[in-house]
Amino acid sequence: MALLKRKNDAPAKGDRVVAARDLVGIREGTAGRIEMVVGLTWTRCWVQFDTGEWMGSIDAKDLVPEHDWSAYQIRRAEAEARAAEEARNPPPAAEAPAATTAPSGGGGPASRIPAHILDRSKAARERLPKS
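Numbering-wise (our numbering), the sequence shown opens with residue -3 and increments by one.
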């Protein structure tokens, strides 16, 4: 979950955050403070955790605002329950459309070449002089 504190959803220096998953040497649920934010299209953070450890290049998606931690855990548990339910009861499969064949028997139903192109090619081959 990305940080949702600001208008542009960007984390900022000084934000209190919690690790949303286990990181190398940091357990999920460990709180800390963002010390630096880098990146334009991929936001990464340097965080000083309350355990005294520093970690850099943490994807902002792996951090949750500290005030949102309990709500995040509930949302994640609900999403996992929904996924498990869908795995047990998959939605009915939609019927596949009837296979169509090329008018002149060209590429067949599996061909990715449009039938009118196959017809044009066949007509051109028929116009060639036979040797």
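For each residue, glycine too, the CB sits at the ideal point set by N, CA and C.
Status (buried if at least 16 other CB within 10 Å, exposed otherwise) for P110: exposed
Rounded separation between D18 and A6 - CA only: 22 Å
As assigned by DSSP and simplified to three states, the class of S107: coil
Complete alpha helix (DSSP H) runs within the stretch 22 to 93 (minimum length 4 residues, chain order): 65 to 84
Local Cβ density within 10 Å of L(-1), reported as buried at 16 or more and exposed below that: Here the model assigns L(-1) a pLDDT of 45, short of 50, so the residue's position is not dependable and the matter cannot be decided.
Length of the line joining the Cα atoms of K57 and S107: 42 Å
Alpha-carbon to alpha-carbon, Q69 and N85: 24 Å
Where the beta strand (DSSP E) through A15 begins and ends: R12 to A15
Simplified DSSP state of L19, which is helix, strand or coil: strand
Rounded separation between T37 and D55 - CA only: 11 Å
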